[in-house]
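Numbering (the numbering used here), first residue to last: 1 to 262.
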């Protein structure tokens, strides 16, 4: 696919009268590129409101022409909930897009929802139990277990058939996640501040039932049905060091001034 942008001049015009600045797509466009172009054009109308036309056109061109290999590789879409590591009362919905990078490591980008104009709110790394047990003790304090998120049904893969989802969560139930949110969207409609460490829930009565019900209605899922479907998944023993907040003491990031090293 070739993007053509420029001043078109009328043939035969001695003064080379300029026509309108145009953006076009050359003949010979591949089917895949054409499909990307159409999808990007459809999406462009939903995001970027207020942008200059030039910027919107450049966004459209980039979406049609550029390969985004890391994004294309993120094949798994998960929806769940996080709480701030130092405040259970601050709970947010988190939409994950993940890639299984290595046998013992997943990496995810997190948005507030699955929509074209979603806000990028954080990242999560997910590792195997074996990898977690080998971490330094101070590092372990940054990680949370996934056993309850899976068993409770609160973590879901929307649109995936129950049989396939069940198989996926049989593996995920034994994993551990390290999550930082870069946008405190429960407070501000702008990414103020520094990344905040997040944690996952570990037992009934912690997550907001109202928040879960709202999510279920919007996505057309049933947390209670998923809990029942996963009843046969064994509950793993949580490795020592995870879910540090359960001890009554926790860690959180803070901004600190320091000397600059040359």
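Glycine residues also receive a C-beta, built at the ideal position from the N, C-alpha and C atoms.
Worksheet item: Taking the alpha-carbon positions, what's the residue 164 to residue 156 distance?
Response: 12 Å
Worksheet item: Hey, is the segment 208–219 in contact with the segment 78–91, meaning 3+ C-beta pairs nearer than 8 Å?
Response: yes
Worksheet item: Taking the alpha-carbon positions, what's the residue 230 to residue 252 distance?
Response: 32 Å
Worksheet item: Just to confirm, are residue 147 and residue 177 a CB contact at a threshold of 9 Å?
Response: no
Fill in: Residues sharing a beta bridge with residue 175, DSSP
Per DSSP, none; premise fails for residue 175.
Discussion item. Here's the rule: buried if 16 or more other CB atoms are within 10 angstroms of the residue's CB, otherwise exposed. What is residue 255?
Written reply: exposed
Worksheet item: In terms of residue numbering, what span does the alpha helix (DSSP H) encompassing residue 202 cover?
Response: Per DSSP, residue 202 belongs to no alpha helix (DSSP H) and is neither H nor E.
Item to complete: Determine, using beta carbons only, whether residue 123 and residue 182 come nearer to each other than 9 Å.
Response: yes
Discussion item. Between the segment 136–146 and the segment 64–73, can you find at least three pairs of beta-carbon atoms closer than 8 Å?
Written reply: no
Discussion item. Quick check on residue 261: buried or exposed, where buried means 16 or more other Cβ atoms within 10 Å of its Cβ?
Written reply: exposed
Practice prompt. Using three-state DSSP, classify residue 185 as helix, strand or coil.
Written response: coil
Worksheet item: Hey, which unbroken runs of the alpha helix (DSSP H) at 4 residues or more fall wholly within the segment 48–77?
Response: 53–65 and 69–72
Worksheet entry | Per DSSP, cross-strand counterpart(s) of residue 126 | 106 and 177
Worksheet item: What number of angstroms, rounded off, separates the C-alpha of residue 106 from the C-alpha of residue 179?
Response: 12 Å
Worksheet item: Terminal residues of the continuous alpha helix (DSSP H) containing residue 138?
Response: 137–140
Worksheet entry | Separation of residue 259 from residue 137, as counted between CA atoms | 27 Å
Worksheet item: In this structure, does DSSP put residue 84 in helix, strand or coil?
Response: strand
Worksheet item: In the structure shown, what three-state DSSP assignment does residue 16 receive?
Response: In this predicted model, residue 16 has a pLDDT of only 40, less than 50, meaning its place in the structure is not dependable; the value taken from the coordinates is given anyway. Correct three-state label for residue 16: coil.
Fill in: Proximity of residue 81 and residue 97 at Cβ, strictly below 9 Å
no
Item to complete: Determine the extent of the alpha helix (DSSP H) in which residue 114 is found, giving its start and end residues.
Response: Careful: residue 114 lies outside any alpha helix (DSSP H) and carries neither H nor E.
Practice prompt. Just the C-alpha distance for residue 218 and residue 160, rounded to the nearest angstrom, thanks.
Written response: 16 Å
Fill in: The alpha helix (DSSP H) enclosing residue 243, as first and last residue numbers
Residue 243 -> no alpha helix (DSSP H), and no H or E assigned at all.
Worksheet item: Helix, strand or coil: how does DSSP classify residue 190 here?
Response: coil
Discussion item. Going by DSSP, what residue range makes up the alpha helix (DSSP H) through residue 223?
Written reply: 223–229
Fill in: residue 164 (DSSP reduced to helix, strand or coil)
helix
Practice prompt. Specify the secondary structure class of residue 145 as computed by DSSP and reduced to three states.
Written response: strand
Worksheet item: Under a three-way DSSP split, which group does residue 210 fall into?
Response: helix
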